[in-house]
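Here is the structure we will look at.
There are 2 protein chains.
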Amino acid sequence: MFTISDVAQKSGLSPYTLRYYEKIGLLPASKRKEGGQRYYTENDINFILFLKSLKQTGMSLENMSEFVKDGCIYEQLHFNSPEEIKPSITKRIEILSKHLIKMEMQKKELELIISTTKEKLAYYNSIKKGDIKT
Amino acid sequence: MFTISDVAQKSGLSPYTLRYYEKIGLLPASKRKEGGQRYYTENDINFILFLKSLKQTGMSLENMSEFVKDGCIYEQLHFNSPEEIKPSITKRIEILSKHLIKMEMQKKELELIISTTKEKLAYYNSIKKGDIKT
DNA sequence: TTACAACTTAGAGTTAACTCTAAGTCAAAT
DNA sequence: ATTTGACTTAGAGTTAACTCTAAGTTGTAA
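If you read the sequences in order, they're chains X and H. Mapping of the first sequence onto full-length UniProt numbering: position 41 corresponds to residue 41, and the numbering continues sequentially without gaps. Mapping of the second sequence onto full-length UniProt numbering: position 18 corresponds to residue 18, and the numbering continues sequentially without gaps.
Set out below in structure tokens:
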């Protein structure tokens with residue numbers, strides 16, 4: 001069982017951000033200790049890491065919320081029981097399919113600019129070494 | 001020679017955004033027609049597209065400005081004459097190298113989440129088709 | 001048991017990156 | 001020649017996503 005700062009540490013998100021995500025409904029209400037303090041399980045952390053990777057690949061918080069909501073219990077990095085997931089399945093398939101296409105395009109774009117960047121670097125380095133005289 | 005809305009069209013950035021980029025010094029002062037209206041060449045557009053791809057892969061406008069500035073004439077998608085580029089070469093190599101590493105990591109991350117997403121989609125689809133009964 | 005650090009909340013403030021408004025000028029078509 | 005629509009500027013407004021503040025509570029180590 002982990003505190004909010006443990007999770008912050010593990011996820012690279014600040015405690016502020018984690019509370020904010022909960023406030024806007026992107027994360028489900030955390031479990032609480034006696035005194036009211038949040039605690040998190042491994043599963044909670046895995047879910048947070050999954051959301052973080054969606055975010056890193058350009059999904060907006062709003063779009064992520066749509067993925068998470070619909071009254072559905074959030075899943076443990078994908079193995080909730082089928083009957084828990086079923087009501088929101090079509091919606092989820094739709095969102096993930098769209099995002100998948102976006103990510104595939106992103107990957108192509110990324111590969112292109114990586115090679116453009118390598119070319120530029122090679123050019124700059126050749127000038128620096130003096131291979132190209134002025 | 002292209003107008004600002006031509007460039008907007010070609011680059012996917014709005015005229016507002018193009019003027020804004022110029023205002024903050026991310027783009028060099030545009031050439032103007034008689035009446036003061038901006039016009040752009042193919043080279044200008046290529047440079048704008050290069051900046052756009054840097055942005056798409058997560059470089060901040062501030063970081064891009066650093067790349068562009070240093071009093072240097074901006075380059076035509078990489079072939080300014082060496083003597084124009086030389087003063088800012090070390091800085092540019094530094095920025096691009098850092099960004100390259102970031103992009104390589106991003107690519108790995110992207111590949112990982114693409115495959116995770118595919119798995120999830122396969123799982124959802126199998127529930128939808130009824131292969132997994134409740 | 002007393003510090004002291006980390007937690008809690010609601011709500012305010014910040015930052016990056018646009019995005020628009022207002023008031024006016026310019027250009028193309030009728 | 002006049003209308004229509006795109007252009008110009010400075011500066012204000014917006015949005016997403018945090019990030020912090022204040023005031024108070026809880027947990028832990030000496």
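A virtual CB, placed ideally from N, CA and C, is assigned to each residue, including glycine.
For H/PRO15, the uninterrupted alpha helix (DSSP H) segment begins and ends at 15–23. Residue state for X/LYS129 is assigned as helix, using DSSP reduced to three classes. H/ILE4 and H/LEU18 do touch by the CB rule: their CB atoms are close to 6 Å apart, below 8 Å. Using a Cβ-Cβ cut-off of 7 Å, X/ILE114 counts as an interface residue toward chain H, since at least one Cβ of chain H sits closer than that to its own. A direct Cα-Cα distance of roughly 46 Å separates H/ASN43 from X/ASN46.
With a cutoff of 7 Å on beta-carbon distance, X/LYS52 and X/TYR39 are scored as not near each other. Residues of the UniProt domain "HTH merR-type" (1–70) of chain X that bring their beta carbon within less than 8 Å of a beta carbon in chain H comprise PHE50, SER53, LEU54, GLN56 and THR57, in sequence order. Between H/LEU96 and X/LEU61, the gap from beta carbon to beta carbon reaches 7 Å or more. Here the alpha carbon of H/GLU119 sits roughly 17 Å from the alpha carbon of X/SER88.
Chain H has a Cβ within less than 7 Å of the Cβ of X/ILE93. H/PHE2 is bridged by DSSP to H/TYR40.
In chain order, TYR124, ILE127 and LYS128 make up the part of chain X whose C-beta sits under 7 Å from the C-beta of H/ILE89. Closer than 9 Å at the C-beta level to chain H, one finds these residues of the stretch 99–111 of chain X: HIS99, LEU100, MET103, GLU104, GLN106, LYS107, GLU109, LEU110 and GLU111.
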